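For the sequence shown, counting from 1, position 107 maps to 141 in our numbering; every step adds exactly one.
Reading through the structure tokens given below for one structure.
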Amino acid sequence: MQRVNFCFAKVINFLSEGYQNVCPGSGVAFGYTSCFMPTDKDLQVSENLIELYSNQQTLFGRGSIDRLVPLLAANPQPTLLFCGRSFLNSPAWARLGATLNDHILGYEIVSHEASPDEIDGWVTRWRGHVDRVVAIGGGSVLDAAKAFGAMMQHPLNIARYLEKVGDTPVQAVTLPLIAIPTTAGTGSEVTQNAVVTDQQHIKVKASLRHPVFVPQVAILDPDLLKGAPDRVLATCAIDAFTHLFEAYLSRKGNLFSQQNALNGLQLFMQAWPYLNQDDSRGDAAREAMMMASWLGGVSLSSAGLGVIHGIAGELGAIKPFHHGEVCGRLLFPFLDVLAESAHPEQQRLMAALAERLLPDETAPPALALKAWLQQQAIVPFWLEGPTLAAEEVDWIVARANSKNGWVNYDPATLTEMITAAWRVV
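See below:
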């Protein structure tokens, strides 16, 4: 079963006959608009036009995962579950598993960022048997399910469609997907891309991307974050922060994307110090972070990301480091670089951010933000940790880029950021 996509060409059929015939002979939908001469105002198109992609249905609130079974029962279809091993050991599975099993064909366990070979294997196993997908887990689980759902509707191996290495455009078809994040970080439940990583063969971390790959339904249940280890909570959350922060600073942004990002950053700051508390304050923090993560997904889809992800994407092609931790480690040296920036747009945006989020701080906004994040963190994830070899740093820098940032950082600055984030041996 292919996902049916709304066709704007059909909209004209909803108009009265008089409007449909305003421009007789027009061969395009909404062709009647060409009968009106544009004014100067009509010609003033924003240089940065923001597009918003989101779920058709979003359910938010504590306990909202309980809506999953009724959703499946209301429209019975052959359904495959993607999840992490931790979910199968969770209170939610203990409560829902028996009933959920009545509505799924089976499940696939995802324990890391999926490789092209893994996705192709799942597609071979289930093609012709599955019409809907449910994904319950962190970003790797959701991305694997998104890639699987899309590839079930495409004839070639996934590598042929990936950004960076593919040679074939994706089509606007995918299986319906219900996405339920159990971490607050990637925002994958609302993004149009699925990240695929191959560290063995072609050494690439790349996206499969199309607006129709946004999950049809997202269920955001903050209670699914309860009990997660402090390091998981913190490194996932800092990923959400970098999505919001880089989208806010993006040269592709405008008022729409910047305000969405600021709203998310404000929620992040309400939540960051209290994520692991087992009380009402902790519950409120996990709610705020789940919302911040979703807004991060919306923001990155609208305005893109920056140099932190420009480095992280290449590092992830060769090292099995946690993506959120990678972004968090790179964030702090980037804030040092940003504090020295003379770029007028970066200065303006940081001043506006400080006025909204850190109104009492007198230090430069980037340094004040760095200090606050480190002082309020529930775990200092940026200390100690793994190492990089000098040749690995060179490999990453040769392929990294500044993405949608206002400044195109040179190799020396990229190297400085990496060596500040990891010990090089």
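Where is the CB? At the ideal position from N, CA and C, for every residue including glycine.
Quantities reported herein were computed from a predicted structural model and do not represent experimental measurements.
| Asked | Found |
| --- | --- |
| Three-way DSSP call (helix, strand, coil) for GLY171 in this model | strand |
| Short Cβ contact (8 angstroms threshold) for ASP208 with GLY183 | Checking the displayed sequence, the identity of residue 208 turns out to be Thr instead of Asp. Taking 8 angstroms as the Cβ cut-off, THR208 and GLY183 qualify as a contacting pair. |
| Sequence-distant residues of its chain with Cβ nearer than 6 angstroms to GLU395 (five each side left out) | ALA402 |
| Cβ-based neighbour list, THR92, same chain, cut-off 6 angstroms, excluding 5 preceding and 5 following | ALA252 |
| Span of the alpha helix (DSSP H), counted from its first residue to its last, around GLN381 | 378-391 |
| Alpha helix (DSSP H) segments (min. 4 residues) lying fully within the segment 223-286 | 264-283 |
| From THR231, ILE212 and ILE236, residue whose alpha carbon lies closest to that of THR225 | ILE212 |
| Nearest-angstrom beta carbon gap, ALA295 and ALA281 [assumed within contact, 8 angstroms] | 5 angstroms |
| Cutoff 6 angstroms; reference GLU321; Cβ partners in own chain excluding five residues on either side | PRO256 |
| Classification of THR269 by the beta-carbon crowding that lies within 10 angstroms, buried from 16 upward | buried |
| Cβ pair VAL371, GLY439 closer than 8 angstroms | no |
| Stretch-stretch touch, CB-based, cutoff 8 angstroms, three pairs: the segment 188-200 with the segment 83-90 | no |
| At least 3 beta-carbon pairs within less than 8 angstroms: the segment 114-129 vs the segment 271-285 | no |
| Range of the contiguous beta strand (DSSP E) that encloses GLN300 | Element bounds for GLN300: not the beta strand (DSSP E) but the alpha helix (DSSP H), 289-305. |
| Beta-carbon proximity list for LEU242, same chain, < 7 angstroms, skipping 5 on both sides | ALA181, ALA184, ILE192, TYR195, LEU196, VAL204, ASN227, ALA228 and VAL230 |
| Residues that DSSP places opposite CYS117 in a beta bridge | ILE143 and ILE170 |
| Residue of LYS404, ALA376, GLY362 and HIS377 minimising C-alpha distance to ASN369 | Before going on, a small fix: residue 369 reads as Leu here, not Asn. Checked all of LYS404, ALA376, GLY362 and HIS377; the closest Cα to LEU369 is LYS404. |
| Inter-residue spacing [alpha-carbon to alpha-carbon] between PHE302 and ASN135 | 35 angstroms |
| With 16 other Cβ atoms within 10 Å as the buried cut-off, status of LEU422 | buried |
| Proximity winner among GLU450, PRO245 and ASP100, relative to GLY331 (alpha-carbon distances) | PRO245 |
| Nearest-angstrom Cα separation, counted from PRO414 out to LEU155 | The sequence shown places Gly at residue 155, not Leu. Approximately 38 angstroms, taken between the alpha carbons. |
| Residue range of the unbroken beta strand (DSSP E) whose run includes THR217 | From DSSP, THR217 is part of no beta strand (DSSP E); its letter is neither H nor E. |
| Beta carbon of ILE364 nearer than 8 angstroms to that of ILE345 | A quick correction: the sequence has Leu, not Ile, at residue 364. It is a contact, given that the beta carbons lie within the stated cut-off. |
| Selection from SER336, GLN380, VAL144 and PHE290 that minimises the alpha carbon distance to ASP177 | VAL144 |
| Reference LEU417; option with closest CA among ALA305, GLU359, PRO150 and ILE430 | GLU359 |
| For LEU102, three-class secondary structure by DSSP | helix |
| Run of the alpha helix (DSSP H) containing PHE366, from where it starts to where it stops | 357-373 |
| Enclosing beta strand (DSSP E) for THR92 [first to last residue] | 91-94 |
| Supposed close pair PRO354, GLN233 - CB separation, criterion 8 angstroms | 7 angstroms |
| Contacts around PHE247, its chain only, beta-carbon distance under 6 angstroms, and the 5 residues preceding and following it disregarded | LYS180, ALA184, THR208 and GLN226 |
| Closest residue to THR113 among GLY350, LEU299 and ILE138 (Cα-Cα distance) | ILE138 |
| Own chain partners of GLN410 with C-beta closer than 7 angstroms, once the 5 adjacent residues on each side are dropped | TRP306 and PRO307 |
| Enclosing alpha helix (DSSP H) for LYS404 [first to last residue] | 399-410 |
| Whole-Å CB distance - GLY350 paired with LYS239, under 8 angstroms assumed | 4 angstroms |
| Close Cβ partners of VAL441 (< 6 angstroms) along its chain, the five nearest in sequence each way excluded | HIS377 |
| Whole-angstrom distance between VAL266 and LEU130, CA atom to CA atom | 24 angstroms |
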